[in-house]
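Take a look at the structure below.
Protein chains in written order, with our numbering: chain A, 270 to 553; chain B, 98 to 430.
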């Protein structure tokens, strides 16, 4: 960590890197945002943005369960509940009883309501409201190591399964004919999203975590021409918004998470216009 | 024949459906009845002669002392022992039920119970004792606020639950606490004249304990050399006023908001420049921001208790203040 700090000090000798908490936040952003950019591409492709939102909401219930069990670290209870929740959603969707968005809506509101009811049972919901907007500034070195592990794991899963993910998201029948088991594949992806959302919810917050998943990939779709550039754009936009948002929040004195999302939204608007202009030019 | 047969089957189906609906309705009705009769039973339980409900813990401890040992007087804490300050408190159904059966509702006042007008409009008969009446109040943001020329961000976000114009954390100063205990006692004497004499005696005893503690605290704290402190959550202006401490900066005026990076950085610089002796967090709230400030500037985080949560013990306030005194002596010498 000391080494990392001194690297940041030499490379970025600015006011905002003066204190260690900003250095920690900076490193955490550099680790979290590429993850969101990467996983977001598939979420946008598969039209699952609602699903990741539901997972974010379920984190509240996970926290509540942790509180009830009296554990200090809510990560385990959140992770356990989110996995249960994610597998539950995908199983109910798989049964084909109702459309996916309806089922996700049902689960999402249930997760949120259960969390609110359990947490406010003692009348003190405000204690947990930091989970709603997140707080990247309190990230600790050990937690940064955890984020690094998650990044590695996600990269590994991506390397192993990406082609299969892609094929089944483009054409399920073709994937099935190539002996790809879509159900199992979907479960892997769902678990991946659940882990990512759970691990980062403390710093990003329930209310804005989904924007970080969706906005970079959505911006990338506006301008990308190939699958490769789509990924590159998405990761790039995500990291840019993360770093720019963090720095802006320092100088403006605003909440870091919200500022990051606003930067990403501006990037989306710009890429949207750029995409329209270039599309028209090509048409002409 | 065939047609009749089909008709019969249809009517049978129809019949079973209406049966099912009826059965469901009956079940629902039975459930409702069971629920209501349950409530009814609760109501016929033997009630105490005089029932005092307090809004939150600090008031509860005062009321416990004033009503100590009086037969037929029951004190109950509406928000529960672990809720702490009533920032953002949402009235629950059980609270209203609780208040409906109360003879007196004891509140801190000064804007702490932001839900109070809801209570008065629902239960206009309820007699309310406002313990802050006639006490000296600090304007909110007057103390230590010079650094807090805020971007407005936290405020707009928290608009719904600021305390209004004055700082409501009166009881944290012992002198003010004594005033509140006296107000409380007067209110109870008026509402329950049968026990007036006992209330008066209890109050006298408790006030004596409080002022004895205040004298000891002055003795211990007055000679301390360094008086610059940083606190979290605006609970300590009255305390600081009483013991002449200089609150250089209050971080997180609203306990549930996170300080922004700029606010943290400013605080760290301020701590270093002004020679702040110690950062004080509260046991009721997470210390993460306090820890950041402390580890960056190399000073220690201590815990000061504003006595908003604690054990169900009438000496809780005295004990917590005693503890605070020891903490201050260690932190500031």
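Ideal placement from N, C-alpha and C gives every residue a C-beta, glycine not left out.
Residue 491 of chain A - containing alpha helix (DSSP H), residue span = Counting from one through the first chain, the residue named residue 491 of chain A turns up at place 222. Segment 478-492, the alpha helix (DSSP H) holding residue 491 of chain A.
What did DSSP end up calling residue 346 of chain B once you bin it into helix, strand or coil?
-> In the second chain, residue 346 of chain B corresponds to position 249, counting from 1. Looking at residue 346 of chain B - three-state DSSP - the assignment turns out to be strand.
With DSSP as the reference, label residue 430 of chain A as helix, strand or coil.
-> Stepping through the first chain from its first residue, residue 430 of chain A is reached at position 161. Three-state result, residue 430 of chain A: helix.
CB-CB under 8 Å to residue 252 of chain A, same chain, minus the five flanking residues each way: which ones, in chain order?
-> In the structure as shown, chain A begins at 270 and stops at 553. Residue 252 of chain A is therefore absent and cannot be evaluated.
Report yes if the C-beta distance between residue 280 of chain B and residue 232 of chain B is below 9 Å; otherwise report no.
-> Reading the second chain from its first residue, position 183 is the one you call residue 280 of chain B. Reading the second chain from its first residue, position 135 is the one you call residue 232 of chain B. Cβ atoms of residue 280 of chain B and residue 232 of chain B: closer than 9 Å.
Extent of the continuous alpha helix (DSSP H) to which residue 382 of chain A belongs | As a working note, residue 382 of chain A is residue 113 in the first chain. First-last of the alpha helix (DSSP H) with residue 382 of chain A: 369-388.
Anything in chain A within Cβ reach of residue 361 of chain B, meaning under 8 Å, just list it in chain order.
-> In the second chain, counting from the first residue as 1, residue 361 of chain B sits at position 264. 288, 290, 406, listed in chain order.
For residue 421 of chain A and residue 481 of chain A, the rounded distance between their alpha carbons = Against the first chain, residue 481 of chain A aligns to sequence position 212. Against the first chain, residue 421 of chain A aligns to sequence position 152. Roughly 19 Å separates the two Cα atoms.
Spell out the partners DSSP gives residue 149 of chain B in its beta bridges.
-> Counted from its first residue, the second chain places residue 149 of chain B at position 52. Paired residue(s): B/172, B/201.
Within 7 Å of chain B by C-beta, residues of the segment 508-519 of chain A in sequence order | 518, 519
Could one say the Cβ of residue 346 of chain A lies closer than 9 Å to chain B's Cβ atoms, at least one of them?
-> Locating residue 346 of chain A in the first chain gives position 77, counting from the first residue. Residue 346 of chain A does not count as touching chain B.
CB-CB length for residue 290 of chain A against residue 222 of chain B, believed under 8 Å | The count along the first chain starts at 1 and reaches residue 290 of chain A at position 21. The count along the second chain starts at 1 and reaches residue 222 of chain B at position 125. Incorrect: roughly 53 Å between the Cβ atoms, too far for contact.
Quick one: does the C-beta of residue 525 of chain A sit closer than 8 Å to a heavy atom of the ligand ADP?
-> Ligands displayed in this structure: none; no statement on the ligand ADP is therefore possible.
Is residue 424 of chain B helix, strand or coil when you go by DSSP?
-> Here residue 424 of chain B corresponds to residue number 327 of the second chain, with the count starting at 1. Reduced to three states, the DSSP call for residue 424 of chain B is helix.
Contact set between residue 275 of chain A and chain B, taken where Cβ atoms lie within less than 8 Å | Locating residue 275 of chain A in the first chain gives position 6, where the first residue counts as 1. Correct list: empty, because the minimum Cβ distance to chain B is about 16 Å.
Does any residue of chain A bring its CB to less than 9 Å from the CB of residue 462 of chain B?
-> One cannot answer for residue 462 of chain B here, as it falls past the ends of chain B, which runs 98 to 430.
Do you know how far the Cα of residue 128 of chain B is from the Cα of residue 137 of chain B?
-> Against the second chain, residue 137 of chain B aligns to sequence position 40. Against the second chain, residue 128 of chain B aligns to sequence position 31. Bear in mind that a pLDDT of 45 at residue 137 of chain B, under 50, signals an unreliable position, so the model cannot answer this.
Between the Cα of residue 292 of chain B and the Cα atoms of B/126, B/125, B/168, which residue gives the shortest distance?
-> Against the second chain, residue 292 of chain B aligns to sequence position 195. Nearest of B/126, B/125, B/168 to residue 292 of chain B, Cα basis: B/168.
Just mark residue 148 of chain B as buried or exposed, buried being the case when its beta carbon has 16 or more other beta carbons within 10 Å.
-> Residue 148 of chain B sits at position 51 when you count from the first residue of the second chain. Per the 10 Å Cβ criterion, buried.
Sorted by chain position, which residues of the same chain lie with C-beta nearer than 8 Å to residue 409 of chain B's C-beta, five sequence neighbours on each side aside?
-> Mapped onto the second chain, residue 409 of chain B falls at position 312. 178.
Quick one: complete beta strand (DSSP E) runs, 3+ long, within the segment 354-394 of chain B?
-> 375-378
When DSSP labels each residue in this structure, what does residue 470 of chain A get in the three-state scheme?
-> Working through the first chain from its first residue, we reach residue 470 of chain A at position 201. Here residue 470 of chain A sits in helix by DSSP.
Distance between residue 284 of chain A and residue 235 of chain B (C-alpha atoms, nearest Å) | Locating residue 235 of chain B in the second chain gives position 138, where the first residue counts as 1. Locating residue 284 of chain A in the first chain gives position 15, where the first residue counts as 1. Going from the Cα of residue 235 of chain B to the Cα of residue 284 of chain A covers about 36 Å.
Pair within 9 Å by beta-carbon distance, residue 457 of chain A and residue 436 of chain A | As a first step, residue 457 of chain A is located in the first chain; it is residue number 188 there, counting from the start. As a first step, residue 436 of chain A is located in the first chain; it is residue number 167 there, counting from the start. Cβ distance not < 9 Å, so residue 457 of chain A and residue 436 of chain A don't count as in contact.
In DSSP terms, what residue 225 of chain B is bridged to | In the second chain, counting from the first residue as 1, residue 225 of chain B sits at position 128. B/202.
Spell out a yes or no on whether the segment 297-317 of chain B and the segment 182-195 of chain B are touching, meaning 3 or more CB-CB pairs, one atom from each, closer than 8 Å.
-> no
Find out if the Cβ-Cβ distance for the pair residue 201 of chain B, residue 175 of chain B is shorter than 9 Å.
-> Here residue 201 of chain B refers to the residue found at position 104 of the second chain. Here residue 175 of chain B refers to the residue found at position 78 of the second chain. No. Outside cutoff.
Which residues in chain B sit within 9 Å of residue 389 of chain A, going by Cβ to Cβ distance?
-> Start at 1 with the first residue of the first chain, and residue 389 of chain A comes out as number 120. Those within 9 Å of residue 389 of chain A in chain B are 187, 189.
Residue 164 of chain B: first and last residue of the uninterrupted alpha helix (DSSP H) it sits in = Taking the first residue of the second chain as position 1, residue 164 of chain B is located at position 67. Taken as a continuous stretch (DSSP letters only), residue 164 of chain B belongs to no alpha helix (DSSP H), as it is neither H nor E.
Is DSSP giving residue 329 of chain B helix, strand or coil here?
-> Here residue 329 of chain B corresponds to residue number 232 of the second chain, with the count starting at 1. Looking at residue 329 of chain B - three-state DSSP - the assignment turns out to be strand.
Residues of the segment 392-406 of chain B with a CB closer than 9 Å to any CB of chain A: list them in chain order, please.
-> 392, 393
With a cut-off of 9 Å, does the C-beta of residue 399 of chain A fall near any C-beta of chain B?
-> Residue numbering aside, residue 399 of chain A sits at position 130 when the first chain is read from its first letter. For residue 399 of chain A, the answer is yes, since a Cβ of chain B falls inside 9 Å of its Cβ.
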